[in-house]
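For reference, the structure discussed in these notes is given below.
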Amino acid sequence: MSQPQRVSSHSGRQVRGSVTRSRIRASAVELFARFAPEDVTVSRIATHAGVYPNQITHHFGSKDGLYVDAAFSLLLRDSARLRSLSRRASSPQSFVTALARTALAVPSTPMVVTALGMGRANTSVQPSLVAGMKVLFRQSTRYVETVLEDKAWHMPKSVEKEVRTFWSTVFGAVLLSQAGFQGVPSDLDVAAMVSINRN
12 MSQPQRVSSH SGRQVRGSVT RSRIRASAVE LFARFAPEDV TVSRIATHAG
62 VYPNQITHHF GSKDGLYVDA AFSLLLRDSA RLRSLSRRAS SPQSFVTALA
112 RTALAVPSTP MVVTALGMGR ANTSVQPSLV AGMKVLFRQS TRYVETVLED
162 KAWHMPKSVE KEVRTFWSTV FGAVLLSQAG FQGVPSDLDV AAMVSINRN
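Counting in my numbering, the sequence shown runs from 12 upward without gaps.
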């Protein structure tokens, strides 16, 4: 009789932990979207989420770890805006141009670039960065493959390689802008890095 009770108790803890993690992530996304990372403390996030500071470190390891998680969560959420572009695109070029313009404009892109920079100084967040990039590449590849099939378009190179090139160029353009390079990310022709043709 005691075994089912232990299983039920363990399951309950898992559910509570998942709920707490989601609350922390939601608060972090909201705060990091509005303020610079250095202006958002663990205690501030904890207060906003209604949790204890040690619960943040328990679930995410550190503030940097939480920032990485929040940045990719926000970018993946913003990527829903990208998925609507194919319906309005009349040609491969107009689709790629709109895709590049939107990817550079969403506020989560600079957050991910900042998160990538954290990986250089804090190696503990690198696994989370790698995981976030894999999800981004996988979802983007699946989306582009669907668009190509629906529109009867094709890519001369592999879709996966083109997706990696696209996002690497987007992040590089934003990084140059953040570093003080004259101009804005949209000055770079990101769309030229991706080739899509009609069948």
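Think of the CB as a built atom: it goes at the ideal place given N, C-alpha and C, for glycine as much as any other residue. The structure presented is a predicted model; accordingly, all values stated were derived computationally and were not measured.
According to DSSP, simplified to helix, strand and coil, what is residue i?
i: Asn210; result: coil
i: Gly191; result: coil
i: Gly128; result: helix
i: Ala114; result: helix
i: Ala100; result: coil
i: Ser73; result: coil
i: Ser95; result: coil
i: Phe46; result: coil
i: Gly143; result: helix
i: Tyr154; result: helix
i: Gly183; result: helix
i: Tyr78; result: helix
Using beta-carbon positions only, say whether residue i and residue j come within less than 7 Å of one another.
i: Val205; j: Glu171; result: no
i: Ala91; j: Phe43; result: no
i: Val141; j: Ser84; result: no
In terms of DSSP beta bridges, what is residue i paired with?
i: His165; result: Asn208
Using 10 angstroms around the beta-carbon of residue i, count the other beta-carbons present and answer buried if the total reaches 16, otherwise exposed.
i: Lys168; result: exposed
i: Gln25; result: exposed
i: Ser105; result: exposed
i: Gly143; result: buried
i: Gly76; result: buried
i: Arg36; result: buried
i: Ser33; result: exposed
Any heavy atom of the ligand NAD inside 6 Å of the beta-carbon of residue i?
i: Ala132; result: The ligand NAD is absent from the structure shown, which contains no ligands of any kind.
If we define contact as Cβ-Cβ less than 7 Å, is residue i a contact residue for chain C?
i: Arg98; result: Protein chain content of the structure displayed is limited to a single chain, and chain C is not contained in it.
* Asked: Any contact of the segment 85 to 104 with the segment 152 to 167, i.e. 3+ C-beta pairs under 8 Å?
  -> yes
* **Three-pair Cβ contact test at 8 Å for the segment 125 to 132 versus the segment 61 to 73** => no
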